[in-house]
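Below you'll find the structure, written out as structure tokens, and then a few comments.
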Amino acid sequence: MGNTMTQTAAALSTDAKTAIADALNQSVAETAVTTMLAQNFHWNVKGMAFGPLHDLFQKIYEDHFIGQDDLAERVRALDVHAEGTLAGMLKRSKVSEHDGHATDQEMIRIMMNAQETLAATLAGTGALAADHGDTLTEDLCIARGQTHEKFAWFLRSHLAG
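Numbering-wise (UniProt numbering), the sequence shown opens with residue 1 and increments by one.
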């Protein structure tokens, strides 16, 4: 690659668009699965921290719903098909579904790990975009990755010790 020239979506080569969009679709998939995970935990959390965790899980899924839309729209700006099936997203995602039968502490740990996975996927997607000179995708990935790291920190702060 080594292409240091900054390019808009339209100016990128077909190979660059395909590679970047594939990485973005990975990010979309993991964001969508994590959105559902957050809704599931929002509905099913119990225990002394019910109030703050119920609210935090809602903040997460509301943020992620917008995030997955922004990422999928960037795939479309690259003129590539955005993955729009739950089955396709689950197959692709490194974040797994959960049945929601878990203690509040387990939910926090699972959601924290999902946030860290998302941050890593987005960091990788941003780096790939940068390699192709696609600074607009890189910027989106940086912003989303920072959001996931912030949520991971919030969740980690709920864990004892």
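Note that beta-carbon positions come from the ideal geometry of N, C-alpha and C, so glycine has one too.
Inset, instruction - Report the rounded CA-to-CA distance for Tyr61 versus Met36, giving the unit in angstroms. - result: 7 Å
Legend entry - 7 Å Cβ shell around Arg74 - same chain, five flanking residues per side excluded: Leu24, Thr137 and Leu140
Inset, instruction - Determine, using beta-carbon pairs with one atom in the region 44-63 and one in the region 7-18, whether at least three such pairs fall under 8 Å. - result: no
Inset, instruction - Return the chain-ordered list of same chain residues with a C-beta closer than 6 Å to the C-beta of Gly145, the five sequence neighbours on each side being excluded. - result: Ala119, Leu122 and Ala123
Inset, instruction - Consult DSSP for Leu90 and reduce its assignment to one of helix, strand or coil. - result: Helix, per DSSP.
Legend entry - Spatial distance of Phe57 from Gln7 (CA atoms): If you draw a straight line from the Cα of Phe57 to the Cα of Gln7, it is about 37 Å long.
Legend entry - Proximity of Ala87 and Val28 at Cβ, strictly below 7 Å: no
Inset, instruction - Counting only runs of 4+ residues fully inside the region 52-109, write out the alpha helix (DSSP H) ranges in chain order. - result: 86-92
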